[in-house]
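> Quick one: the structure is below, questions incoming.
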Amino acid sequence: MASNSLTGRGRWPQPDSLLSGLGSGLAGAGPGGAATGGRWLAMVGGTALGVLGLQRSGWGGAVMALGGAGLFAAGALGLRPFGERSLGTAPDPGAWRHQGPATRRRSLTPERTQAVVTIASDAGTIFRFWRNFANLPKLMPQLERVDVLSATESRWIAKSATQAAKGAAKGAAGESAGEVPNWRCVLDRVDEDRLLTWHTVGETALPHRASLMLSPAPGDRGTEVRLTLVYRVPATEVAALLGVTPAGQAEEALRRLKQRVETGELSTIERQPRGGTSGPFREATE
Amino acid sequence: MKALCWNGTNDLRVERVPDPVLVNPHDVIVKVALSSVCGSDLHLIDGYVPTMRPGDIIGHEFLGEIVEKGPEVRYLNRGDRVITVSIIGCGHCGHCRHGESSLCDNSNPNPEHARTAYGHCGAGIFGYSHAFGGYAGSHAEYIRVPYADFNAFRVPEGVSDEKAVFVSDAVPTGYMAADMAGIKPGDVVAVWGCGGVGQMAMRSASLLGAERVIGIDRVPDRLRAAQMKAGAETLDYSRVDIFDALQAMTGGRGPDVCIDAVGMEADSGSNAVEDFYDRAKQAVGLQTDRPAVLRQMIESCRKGGTLSIVGVYGGLIDKFPMGAAMNKGLTFRMGQQNGQRYAERLFGHIRNGELDPSYLMTHRLPLDDGPQAYRMFKEKADDCMRVVFAPQG
Ligand SMILES: NC(=O)c1ccc[n+]([C@@H]2O[C@H](COP(=O)([O-])OP(=O)(O)OC[C@H]3O[C@@H](n4cnc5c(N)ncnc54)[C@H](O)[C@@H]3O)[C@@H](O)[C@H]2O)c1
Ligand SMILES: [Zn+2]
Ligand SMILES: [Zn+2]
Numbered sequence: 001m002a003s004n005s006l007t008g009r010g011r012w013p014q015p016d017s018l019l020s021g022l023g024s025g026l027a028g029a030g031p032g033g034a035a036t037g038g039r040w041l042a043m044v045g046g047t048a049l050g051v052l053g054l055q056r057s058g059w060g061g062a063v064m065a066l067g068g069a070g071l072f073a074a075g076a077l078g079l080r081p082f083g084e085r086s087l088g089t090a091p092d093p094g095a096w097r098h099q100g101p102a103t104r105r106r107s108l109t110p111e112r113t114q115a116v117v118t119i120a121s122d123a124g125t126i127f128r129f130w131r132n133f134a135n136l137p138k139l140m141p142q143l144e145r146v147d148v149l150s151a152t153e154s155r156w157i158a159k160s161a162t163q164a165a166k167g168a169a170k171g172a173a174g175e176s177a178g179e180v181p182n183w184r185c186v187l188d189r190v191d192e193d194r195l196l197t198w199h200t201v202g203e204t205a206l207p208h209r210a211s212l213m214l215s216p217a218p219g220d221r222g223t224e225v226r227l228t229l230v231y232r233v234p235a236t237e238v239a240a241l242l243g244v245t246p247a248g249q250a251e252e253a254l255r256r257l258k259q260r261v262e263t264g265e266l267s268t269i270e271r272q273p274r275g276g277t278s279g280p281f282r283e284a285t286e
Numbered sequence: 001m002k003a004l005c006w007n008g009t010n011d012l013r014v015e016r017v018p019d020p021v022l023v024n025p026h027d028v029i030v031k032v033a034l035s036s037v038c039g040s041d042l043h044l045i046d047g048y049v050p051t052m053r054p055g056d057i058i059g060h061e062f063l064g065e066i067v068e069k070g071p072e073v074r075y076l077n078r079g080d081r082v083i084t085v086s087i088i089g090c091g092h093c094g095h096c097r098h099g100e101s102s103l104c105d106n107s108n109p110n111p112e113h114a115r116t117a118y119g120h121c122g123a124g125i126f127g128y129s130h131a132f133g134g135y136a137g138s139h140a141e142y143i144r145v146p147y148a149d150f151n152a153f154r155v156p157e158g159v160s161d162e163k164a165v166f167v168s169d170a171v172p173t174g175y176m177a178a179d180m181a182g183i184k185p186g187d188v189v190a191v192w193g194c195g196g197v198g199q200m201a202m203r204s205a206s207l208l209g210a211e212r213v214i215g216i217d218r219v220p221d222r223l224r225a226a227q228m229k230a231g232a233e234t235l236d237y238s239r240v241d242i243f244d245a246l247q248a249m250t251g252g253r254g255p256d257v258c259i260d261a262v263g264m265e266a267d268s269g270s271n272a273v274e275d276f277y278d279r280a281k282q283a284v285g286l287q288t289d290r291p292a293v294l295r296q297m298i299e300s301c302r303k304g305g306t307l308s309i310v311g312v313y314g315g316l317i318d319k320f321p322m323g324a325a326m327n328k329g330l331t332f333r334m335g336q337q338n339g340q341r342y343a344e345r346l347f348g349h350i351r352n353g354e355l356d357p358s359y360l361m362t363h364r365l366p367l368d369d370g371p372q373a374y375r376m377f378k379e380k381a382d383d384c385m386r387v388v389f390a391p392q393g
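Which chain is which? The protein sequence lines are B and L, in order.
Mapping of the first sequence onto UniProt numbering: position 129 corresponds to residue 129, and the numbering continues sequentially without gaps.
Mapping of the second sequence onto UniProt numbering: position 299 corresponds to residue 299, and the numbering continues sequentially without gaps.
And the structure:
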């Protein structure tokens with residue numbers, strides 16, 4: 001039985017792997033400092049793969065070691081080989097910053113984005129909330145307001161990109177109404193509790209169409225909600241005008257929709273106390 | 001108010017910060033009476049959790065009095081003496097509804113770190129880095145508690161502050177470790193780590209019907225507490241080969257349930273080579289966590305047994321004996337604690353006298369002593385199991 005013991009016999013460490021591990025790790029500096037998230041994962045994964053590769057001999061080993069080095073470099077440069085969930089067609093810089101807690105996003109083409117989330121509620125509640133477009137600024141902070149003009153028509157007024165980025169106050173939109181993006185939308189399809197589609201009409205810098213699809217999740221899991229945005233301008237242009245990429249917009253809208261429907265509020269750490277500026281208490285008070 | 005803030009690896013400072021305010025309609029503000037250190041804080045202080053920012057207030061295991069409440073708080077009132085579960089649930093998402101609030105979809109306002117590293121994002125935690133939401137912690141005079149009706153629990157009459165405070169974190173964590181292991185009559189349960197969490201896991205294992213409980217550590221006073229207070233037999237991993245000892249104690253079967261109450265900073269005391277290897281790799285970032293305990297549990301556990309992991313891991317580990325785990329048909333259970341599911345039941349056990357966590361509080365100190373207190377806790381000096389701060393003095 002004792003011969004089974006892994007711990008008593010030092011079976012794990014292989015001297016050569018330890019050495020090569022130290023080598024490649026030091027060469028790239030560990031993740032202790034600034035690197036976080038996917039970068040951190042890529043760096044750790046990259047070096048580990050490098051170690052495995054170096055332990056092997058021959059071509060396979062060299063290829064593995066190179067793969068590891070590549071991943072490590074990607075981590076160090078801030079690229080995110082494991083982080084993007086795009087299907088490979090849509091370079092969408094910055095979109096990952098807007099990922100919600102339980103939403104899934106796919107960038108199908110540069111202009112077409114889809115986000116999906118499961119909400120623990122019935123389709124009717126979710127549908128009714130969204131169907132009233134005047135509610136949408138609560139879900140899309142880049143909007144100043146949406147005026148419902150008729151049963152099918154609405155007018156959407158965005159904040160300017162800088163304003164949206166700062167989360168700035170209302171009122172300014174009126175003053176600079178000429179510059180802020182705005183558009184008129186008409187509803188195409190209203191399939192009660194299942195599907196809502198709409199598109200922009202007339203002149204606008206941001207022509208787009210969109211749909212919200214609801215379907216029951218299995219068991220008692222609630223409702224699967226799918227938001228698709230199809231812009232007729234590149235994502236970068238949307239980002240320049242709205243302060244958020246289409247992917248980020250869709251992602252954030254569903255994150256907020258879920259929180260609003262499930263909890264009636266949006267989780268936040270705004271306005272909470274923190275230190276780090278005043279120095280040690282004793283110095284500050286004595 | 002005064003607060004104990006993280007300012008870098010091994011750099012804690014008591015600072016003057018603004019008082020917290022109500023932000024959301026389901027918030028309350030708690031005036032903190034007691035706030036405990038936890039082994040989880042050591043992972044932050046030692047720099048193993050990469051998303052801390054200078055100025056973050058730490059602390060997550062606390063008791064106090066509600067002094068303000070938001071307009072939509074229904075069940076709690078000003079003046080209530082409450083504990084708050086350290087891991088924040090919204091109370092409404094699918095996970096919260098099913099008793100797994102540490103997996104809450106909504107309580108982490110800062111989901112991208114976890115999404116990126118883990119694929120999905122778990123709940124927010126008080127004072128536990130921005131990957132877990134960046135919420136200000138409880139080592140302060142006041143703290144804002146979100147979704148208060150779900151996360152804060154009134155302490156029943158007759159339960160003292162000293163017993164109740166640990167229902168915030170150490171008790172439910174230990175209890176969940178035992179609960180999710182599915183202990184059956186006749187089971188032998190081995191618990192790695194005899195800190196606060198391990199102590200509670202041992203006691204809970206007995207409450208849930210374990211035949212024998214074995215506690216493993218190297219710190220003499222903690223092993224003594226495991227025997228005297230938690231009713232366990234003990235093994236000192238710096239003196240015996242744990243695998244051999246456990247097999248000898250279980251007729252060669254191995255323990256039916258193995259509980260990890262140590263986590264990512266495990267040391268491999270008896271095996272200098274393994275220990276050096278893990279520390280070296282962790283130091284240069286080749287692995288983020290040291291898996292000595294996991295390896296030992298996989299090897300020692302009986303065939304078909306269960307590993308229950310509440311010691312915290314953050315990233316990647318190396319040399320994980322998957323072959324042994326697979327071929328022995330082991331079951332893995334793990335997770336951050338879901339205290340909301342257990343709090344009432346645990347208060348019941350405390351009231352019946354079946355559980356008394358107050359011995360975990362070996363030291364009670366003012367907040368001003370924060371930095372020294374954490375040093376003592378980390379070095380396990382002066383028989384320190386847990387320091388509890390009294391921020392009101
Ligand atoms: N899952 C959760 O929700 C949750 C909640 C609280 C704490 N935790 C985690 O539980 C763990 C324990 O917490 P704690 O407050 O008791 O910490 P602690 O630091 O007080 O205790 C840890 C103990 O483990 C012992 N130890 C170290 N290496 C060991 C080894 N190889 N074998 C056996 N024992 C070993 C140490 O000597 C120490 O006594 C930590 O990782 C902490 O982060 C998890
Ligand atoms: Zn804890
Ligand atoms: Zn929740």
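Glycine is no exception: its CB is placed at the ideal position from the N, C-alpha and C atoms.
Determine whether the Cβ of alanine 120 (chain B) lies closer than 8 Å to any Cβ atom of chain C.
Among the protein chains of the structure shown, namely B and L, there is no chain C.
> Do three or more CB pairs link the segment 46-65 of chain L to the segment 91-104 of chain L at distances below 8 Å?
Not touching, per the Cβ criterion.
> When you compare the CB of aspartate 256 (chain L) with every CB in chain B, is at least one pair closer than 8 Å?
The residue you call residue 256 (chain L) lines up with position 256 of the second sequence. No, because no Cβ of chain B sits closer than 8 Å to the Cβ of aspartate 256 (chain L).
> Mind pulling the alpha helix (DSSP H) runs of 4 or more residues that sit fully within the segment 225-266 of chain B?
Whole alpha helix (DSSP H) segments, 4+ residues: 235-242, 246-263.
> Among residues of its own chain, excluding the 5 on either side of residue 394 (chain L), which ones have a beta-carbon nearer than 8 Å to its beta-carbon?
No answer is possible for residue 394 (chain L): it lies beyond the span of chain L, which begins at 1 and ends at 393.
> Label tyrosine 135 (chain L) either buried or exposed according to how many other C-beta atoms from any shown protein chain fall within 10 Å of its C-beta, with 16 as the threshold for buried.
The residue given as residue 135 (chain L) occupies position 135 in the second sequence. Buried: at least 16 other Cβ atoms inside 10 Å.
> Using a beta-carbon distance cut-off of less than 8 Å, what residues from the segment 128-147 of chain B approach chain L?
So the list is empty, because no residue satisfies the distance condition.
> Assuming contact is defined by CB atoms lying nearer than 8 Å, are glutamate 15 (chain L) and alanine 33 (chain L) in contact in what I supplied?
Numbered from 1 along the second sequence, position 15 holds the residue referred to as residue 15 (chain L). Numbered from 1 along the second sequence, position 33 holds the residue referred to as residue 33 (chain L). Contact: no.
> Using 8 Å as the limit for Cβ to Cβ distance, is isoleucine 45 (chain L) near chain B?
Start at 1 with the first residue of the second sequence, and residue 45 (chain L) comes out as number 45. No, its Cβ sits nowhere closer than 8 Å to a Cβ of chain B.
> Hey, how far is the Cα of asparagine 135 (chain B) from the Cα of phenylalanine 129 (chain B)?
The residue you call residue 135 (chain B) lines up with position 135 of the first sequence. The residue you call residue 129 (chain B) lines up with position 129 of the first sequence. Straight-line Cα distance between these residues: approximately 7 Å.
> Starting from glycine 215 (chain L), follow its DSSP beta bridges and name the residues at the other end.
Walking along the second sequence from the start, residue 215 (chain L) turns up at place 215. The partner list for glycine 215 (chain L) (beta bridge, DSSP) reads L:Val191, L:Thr234.
> Straight-line CA distance for glycine 315 (chain L) to asparagine 24 (chain L)?
Counted from its first residue, the second sequence places residue 315 (chain L) at position 315. Counted from its first residue, the second sequence places residue 24 (chain L) at position 24. Each residue's alpha carbon lies about 32 Å from the other.
> Compute the distance between the beta-carbons of aspartate 236 (chain L) and arginine 218 (chain L), then report whether it is under 8 Å.
Here residue 236 (chain L) refers to the residue found at position 236 of the second sequence. Here residue 218 (chain L) refers to the residue found at position 218 of the second sequence. Contact: yes.
> Exposed or buried, asparagine 108 (chain L), counting other C-beta atoms within 10 Å across all chains shown (16 or more means buried)?
Here residue 108 (chain L) corresponds to residue number 108 of the second sequence, with the count starting at 1. Counting Cβ neighbours within 10 Å, asparagine 108 (chain L) comes out buried, since at least 16 surround it.
> What is the DSSP secondary structure of glutamate 153 (chain B), reduced to helix, strand or coil?
Working through the first sequence from its first residue, we reach residue 153 (chain B) at position 153. It is a strand residue.
> Are the segment 197-212 of chain B and the segment 228-241 of chain B touching by the rule of at least three beta carbon pairs closer than 8 Å?
Yes: the two stretches touch, three or more of their Cβ pairs being nearer than 8 Å.
> What does the alpha-carbon distance come out to for the pair residue 406 (chain L) and glycine 305 (chain L)?
Given a span of 1 to 393 for chain L in the structure shown, any question on residue 406 (chain L) remains unanswerable.
> Which two residues bound the contiguous alpha helix (DSSP H) that contains residue 397 (chain L)?
Past the edges of chain L, shown from 1 to 393, lies residue 397 (chain L), and the structure says nothing about it.
> Buried or exposed: phenylalanine 332 (chain L), going by 16 or more other Cβ atoms within 10 Å of its Cβ?
As a position in the second sequence, residue 332 (chain L) is number 332, starting the count at 1. Under this definition phenylalanine 332 (chain L) is an exposed residue.
> Is it true that the segment 262-279 of chain B meets the segment 129-146 of chain L, where meeting means three or more beta-carbon pairs spaced less than 8 Å apart?
The segment 262-279 of chain B is in contact with the segment 129-146 of chain L.
> Answer yes or no: does any C-beta atom of chain L fall closer than 8 Å to that of residue 292 (chain B)?
With chain B running from 1 to 286 in the structure shown, residue 292 (chain B) is simply not present.
> Using DSSP with H/G/I as helix, E/B as strand and the rest coil, what is proline 172 (chain L)?
For the purposes of this step, residue 172 (chain L) is taken as residue 172 along the second sequence, with counting starting at 1. If DSSP states are grouped into helix, strand and coil, proline 172 (chain L) belongs with the helices.
> Among residues of its own chain, excluding the 5 on either side of histidine 60 (chain L), which ones have a beta-carbon nearer than 7 Å to its beta-carbon?
Within the second sequence, the letter at position 60 stands for residue 60 (chain L). Contacts found: Cys38, Ser86, Ile125, Phe126, Gly127, Tyr128, Gly137, Ser138, Asp169.
> Can the beta-carbon of phenylalanine 127 (chain B) be found closer than 8 Å to that of serine 154 (chain B)?
Position 127 of the first sequence, counting from 1, holds the residue named residue 127 (chain B). Position 154 of the first sequence, counting from 1, holds the residue named residue 154 (chain B). For phenylalanine 127 (chain B) and serine 154 (chain B), no; Cβs fall outside 8 Å.
> Can you pull out the residues from the segment 245-278 of chain B whose beta carbon lies closer than 8 Å to at least one beta carbon of chain L?
Residues passing the 8 Å Cβ filter: Arg255, Lys258, Gln259, Glu262, Thr263, Gly264, Glu265, Leu266, Ser267, Thr268, Ile269, Glu270, Arg271, Gln272, Pro273, Arg274, Gly275, Gly276, Thr277, Ser278.
> Leaving aside the five residues before and after serine 206 (chain L) along the sequence, list all residues of the same chain whose C-beta is less than 7 Å from its C-beta, in chain order.
Within the second sequence, numbered from 1, the residue matching residue 206 (chain L) stands at position 206. Excluding sequence neighbours, serine 206 (chain L) sits near Val213, Gly231.
> If you scan the segment 300-369 of chain L from start to end, which runs of the beta strand (DSSP E) of 3 or more residues do you find wholly inside it?
DSSP runs (the beta strand (DSSP E)) wholly in the segment 300-369 of chain L: 306-309, 331-334, 361-365.
> Mind listing the chain L neighbours of arginine 194 (chain B)? Cutoff is C-beta to C-beta under 8 Å, in chain order.
The residue labelled residue 194 (chain B) in the question sits at position 194 within the first sequence. Those do not exist, as arginine 194 (chain B) stays about 21 Å from chain L at its closest Cβ, beyond 8 Å.
> Tell me which residues share the same chain as alanine 164 (chain L) and place their Cβ nearer than 6 Å to its Cβ, disregarding the 5 neighbours each side in the sequence.
Walking along the second sequence from the start, residue 164 (chain L) turns up at place 164. These residues qualify, in order along the chain: Leu63, Ile83, Val155.
> Quick check on the burial criterion: 16 or more other C-beta atoms within 10 angstroms. Buried or exposed for residue 396 (chain L)?
This structure cannot settle anything about residue 396 (chain L), because the visible part of chain L is limited to 1 through 393.
> With respect to the beta strand (DSSP E) encompassing phenylalanine 153 (chain L), which residues constitute its N-terminal and C-terminal limits?
Within the second sequence, numbered from 1, the residue matching residue 153 (chain L) stands at position 153. Its beta strand (DSSP E) spans residues 152-154.
> Quick one: complete beta strand (DSSP E) runs, 3+ long, within the segment 58-140 of chain L?
Within the segment 58-140 of chain L, the complete beta strand (DSSP E) runs of at least 3 residues are 61-69, 81-84.
> Measure the CB-CB distance between histidine 113 (chain L) and alanine 131 (chain L) and report whether it falls below 8 Å.
Counting from one through the second sequence, the residue named residue 113 (chain L) turns up at place 113. Counting from one through the second sequence, the residue named residue 131 (chain L) turns up at place 131. Result yes, Cβ atoms of histidine 113 (chain L) and alanine 131 (chain L) sit closer than 8 Å.
> Where does valine 165 (chain L) fall in DSSP's three states?
Here residue 165 (chain L) refers to the residue found at position 165 of the second sequence. Helix at valine 165 (chain L).
> Under a three-way DSSP split, which group does alanine 280 (chain L) fall into?
Residue mapping note: residue 280 (chain L) aligns to position 280 of the second sequence, counting from 1. DSSP places alanine 280 (chain L) in helix when its eight states are reduced to three.
> Contact defined as beta carbons within less than 8 Å: I believe alanine 123 (chain B) pairs with aspartate 193 (chain B). What is the distance between those atoms, to the nearest angstrom?
Along the first sequence, read from residue 1 onward, the residue named residue 123 (chain B) stands at position 123. Along the first sequence, read from residue 1 onward, the residue named residue 193 (chain B) stands at position 193. Indeed, because the Cβ distance is near 4 Å, the residues count as touching under 8 Å.
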